[in-house]
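Right, one structure below, let's go through it.
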Amino acid sequence: MAPQRSVKQEVKPTPTPTPALFDGNTKPARVVYWHRTDLRLTDSPALSTALSIPHIEAFWPIWCFDPEYVYKHRVGLNRWSFLLESMKVISEEYGKLNSKQRLWVFRGRPELVLKKVWKEWGITHLVYEKDSNAYSRIRDQRIRDLASECGVQIIEVHGRHLYDPAEVGKLNSNKPTMTLHQWQSITNKMGPVGRPNQPPERIPDPGDGHLGTEGDEDWGRYEGEDLNAHIRTEVDTCFEHLTGPLVDPFSVPTMSQLGFLPSTTTIRGGTVEAHRRLSLFLSNPTAVATFSKPRSEPTSLEPSTTLLSPYIKFGCVGVREIWWGCKEVIDTWRKKGGKGETKEPENMFGQLQFRDMYACAEACTPHFERIRGNSVCRFIDWSLQNQYDPKSGQEISPRPRSDNEEAEERFEAWREGRTGFPWIDACMRQLKVEGWIHHLARHSVACFLTRGQCYISWERGMEVFDEWLIDWDPASNPGNWMWLSCSAFFSQYFRVYGLVSWPQKTDKTGALVRKYCPELKDYPDKYIYAPHLAPIGVQQKANCIIGEDYPLPMLDEQACKNLCIARIKNAYSLALHGDAPEVLDGSAEEKLRVMHEETGADREKSGAERGEEEREKRRKRSGNESLDGFFKKQKV
DNA sequence: AAGAGGTTGGAGCG
DNA sequence: CGCTCCAACCTCTT
1 MAPQRSVKQE VKPTPTPTPA LFDGNTKPAR VVYWHRTDLR LTDSPALSTA
51 LSIPHIEAFW PIWCFDPEYV YKHRVGLNRW SFLLESMKVI SEEYGKLNSK
101 QRLWVFRGRP ELVLKKVWKE WGITHLVYEK DSNAYSRIRD QRIRDLASEC
151 GVQIIEVHGR HLYDPAEVGK LNSNKPTMTL HQWQSITNKM GPVGRPNQPP
201 ERIPDPGDGH LGTEGDEDWG RYEGEDLNAH IRTEVDTCFE HLTGPLVDPF
251 SVPTMSQLGF LPSTTTIRGG TVEAHRRLSL FLSNPTAVAT FSKPRSEPTS
301 LEPSTTLLSP YIKFGCVGVR EIWWGCKEVI DTWRKKGGKG ETKEPENMFG
351 QLQFRDMYAC AEACTPHFER IRGNSVCRFI DWSLQNQYDP KSGQEISPRP
401 RSDNEEAEER FEAWREGRTG FPWIDACMRQ LKVEGWIHHL ARHSVACFLT
451 RGQCYISWER GMEVFDEWLI DWDPASNPGN WMWLSCSAFF SQYFRVYGLV
501 SWPQKTDKTG ALVRKYCPEL KDYPDKYIYA PHLAPIGVQQ KANCIIGEDY
551 PLPMLDEQAC KNLCIARIKN AYSLALHGDA PEVLDGSAEE KLRVMHEETG
601 ADREKSGAER GEEEREKRRK RSGNESLDGF FKKQKV
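Residue numbers (UniProt numbering): 1 to 636.
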């Protein structure tokens with residue numbers, strides 16, 4: 001096997017722009033680089049391509065705030081503050097390379113902003129990192145159409161994933177990649193992961209600034225029309241103009257300008273912090289070489305994983321930097337005699353590969369983010385599924401309250417962290433406050449909400465993660481929710497995370513519970529994950545009465561688990577996916593209702609019934625054992 | 001048709 | 001900490 005070459009020796013931009021792209025172009029180029037998914041200067045194939053355009057006369061790195069997008073996502077303060085910080089940092093990074101440069105921030109729908117900018121700045125090229133998810137595909141098609149009308153050359157460069165999800169999909173006959181092995185066998189034919197390219201040493205000047213807006217009251221207007229009128233509210237001051245306050249029109253907006261309250265997370269954004277975290281991880285070669293995601297501890301107060309996901313989400317760090325950084329460190333570690341390195345999928349490479357697998361699956365699957373119409377999502381008759389207008393096919397909005405009051409109440413309690421199960425409540429409260437929880441904590445709360453106990457649609461849980469997670473990703477988030485709910489990618493629905501036993505495996509003391517459910521902080525270790533089992537004397541001593549100061553468990557863990565397994569078993573026997581006619585016309589749901597009644601999966605069993613079932617199981621088991629013995633004897 | 005493999009379960013045993 | 005069993009899912013390989 002050929003030895004790995006050093007990252008530093010091979011610093012060619014990837015991919016290198018084809019010379020044909022720029023042939024015959026001797027006209028001075030005026031370039032807009034549109035930042036969307038890559039708030040970094042390192043390992044950005046698209047930015048390198050933009051800077052390699054010949055005869056650049058003027059160069060503007062820009063950001064567009066789409067007001068409609070902002071208004072649809074007026075929640076999730078932590079994610080917004082992380083974004084704004086990341087924008088500020090990259091703006092400073094530009095300033096370090098060229099004091100005339102910065103991130104030029106606009107406040108309006110991209111197609112309107114870009115059209116105006118192209119015209120007034122005399123733009124010849126628009127360059128950006130390719131983004132293949134459903135939302136971006138629609139937006140970017142509009143931009144491409146507009147650019148061809150306006151005679152602006154568009155250059156899209158893949159760089160957000162290890163391999164272009166659309167390319168992987170093509171090689172898979174436009175079918176979603178549903179297992180990691182499948183994804184690996186395709187990408188094995190596509191050559192090695194690209195090397196990270198060198199960050200730019202210089203950035204060209206912006207144009208002469210004839211877009212100065214001082215005193216221009218019409219700046220928020222285009223051809224006489226007030227572009228942001230339909231979206232502006234009393235709350236924010238962000239979208240009064242296409243740019244910001246007159247003193248600094250292209251500045252990164254503040255949280256209050258966007259109409260947001262301050263965030264609560266302690267996770268700081270930006271490409272500098274991203275690289276600090278990556279370097280910190282790489283500085284411990286043994287930890288890199290033996291990294292195992294499934295064996296990292298969800299109960300740890302300090303994150304037991306790298307916490308790189310928010311930075312990957314906003315492109316503060318490139319995936320090739322992580323990939324080759326780990327490869328190099330492990331290579332050196334092995335040469336020095338390091339033994340016992342972990343393999344895919346549990347190691348860091350596997351984690352990046354899973355992200356790519358989900359991106360490809362999303363890119364190849366219409367309605368990946370919901371059940372209805374989703375060809376990869378197994379149909380299970382969850383409570384609180386999205387409801388659609390039969391005529392328009394649109395989701396009914398505002399969402400009506402379901403007549404399943406129990407499910408509505410359970411969902412609210414889950415969301416707010418008051419289920420009465422301290423492990424679940426601590427995770428949900430940490431999620432809301434920090435915008436991040438450990439990967440396995442996400443598994444635990446997702447399993448509980450869907451197939452484990454509550455039997456509530458993964459769509460609802462996904463929305464809460466969408467609202468609160470800083471690192472929310474349009475492919476990984478629905479993908480992982482389908483995984484955890486046994487709707488796709490994974491199917492062993494009888495493997496359910498215990499609400500007490502699971503966290504106890506890695507932390508008997510309940511540190512995370514004590515931090516995020518402080519009302520329980522004085523409970524003895526023995527009862528920290530199940531405080532309702534503590535004798536009243538213990539509850540009094542801990543100064544927290546269960547049922548008063550902290551809720552009683554909202555359901556019976558074992559009974560609900562058995563019920564869920566029985567129901568999913570029925571749903572699996574139907575073998576329908578989200579795009580089946582029986583799902584679209586509602587007959588699948590009705591069929592399951594009848595099946596649940598017939599199999600006793602329509603209600604929780606009484607204690608006596610459960611006892612009888614247990615005895616029945618035991619009888620069966622001993623019967624099988626004697627049969628096993630019989631067959632074994634026959635073989636001999 | 002049968003068997004192996006699948007990132008991340010729990011309980012009980014040594 | 002690693003093993004087996006539990007009751008049994010899907011997909012891919014042979």
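By construction, the Cβ of each residue, glycine as well, lies at the ideal position given by its N, Cα and C atoms.
Here the structure is a predicted model, which means the values were calculated and not measured.
With a 10 Å radius around the Cβ and a threshold of 16 neighbouring Cβ atoms, Asn570 comes out buried. At the C-beta level, Ile90 and Leu47 stay beyond 8 angstroms of one another. Below 8 angstroms, too few C-beta pairs join the stretch 359-372 and the stretch 193-209 to call them touching: fewer than three. Look at the beta carbons and you see the stretch 382-397 not touching the stretch 412-430: under three pairs across the two are nearer than 8 angstroms. At a Cβ-Cβ threshold of 8 angstroms, Ile322 and Leu308 count as neighbours. Under the DSSP assignment, Tyr311 falls in the alpha helix (DSSP H) whose first and last residues are Ser309 to Lys313. The continuous beta strand (DSSP E) containing Pro61 extends over residues Ile56 to Phe65. Between Val157 and Glu129, the beta carbon gap of about 6 angstroms places them in contact (Cβ cut-off 8 angstroms). Under a 10 Å Cβ-count criterion, Gln353 is classified as buried, with 16 or more other Cβ atoms of the shown protein chains found around its own Cβ.
Closest option to Asn284, judged by alpha-carbon separation, among Leu449, Trp333 and Thr271: Trp333. For the 8 angstroms CB-CB criterion, Ala488 and Met178 form a contact. Here the C-alpha atom of His275 lies approximately 7 angstroms from the C-alpha atom of Val317.
For Asp43, same chain residues with a beta-carbon under 7 angstroms away, outside a window of 5 residues either side, are Pro196, Asn197, Gly318, Arg320 and Glu321 in chain order.
For the pair Pro253 and Leu84, the Cα-to-Cα distance works out to about 7 angstroms.
For Trp104, the secondary structure class from DSSP, reduced to helix, strand or coil, is strand. Leaving aside the five residues that flank Asn386 on each side, the residues in its chain whose CB is nearer than 6 angstroms to its CB run, in chain order, Arg370, Glu395 and Glu459.
Secondary-structure assignment with DSSP links Ala29 through a beta bridge to Ile56. Taking C-beta atoms as the reference points, Ser476 and Tyr358 count as a pair closer than 8 angstroms. For a cut-off of 8 angstroms, the C-beta gap from Leu512 to Leu301 is around 6 angstroms, short enough to register as a contact. If you check the CB distance, Phe490 and Ile565 do not come in under 8 angstroms. By the CB criterion at 8 angstroms, His443 and Thr305 fall outside the cutoff.
Under DSSP, Val157 takes part in a beta bridge, and its partners are Glu129.
Annotation for Asn347: Phe291 place their beta carbon closer than 6 angstroms to its own, counting only its chain and skipping 5 residues before and after.
Taken atom to atom, the span from the alpha-carbon of Leu126 to that of Pro61 is near 10 angstroms. When DSSP states are grouped into helix, strand and coil, Trp458 belongs to the helix group.
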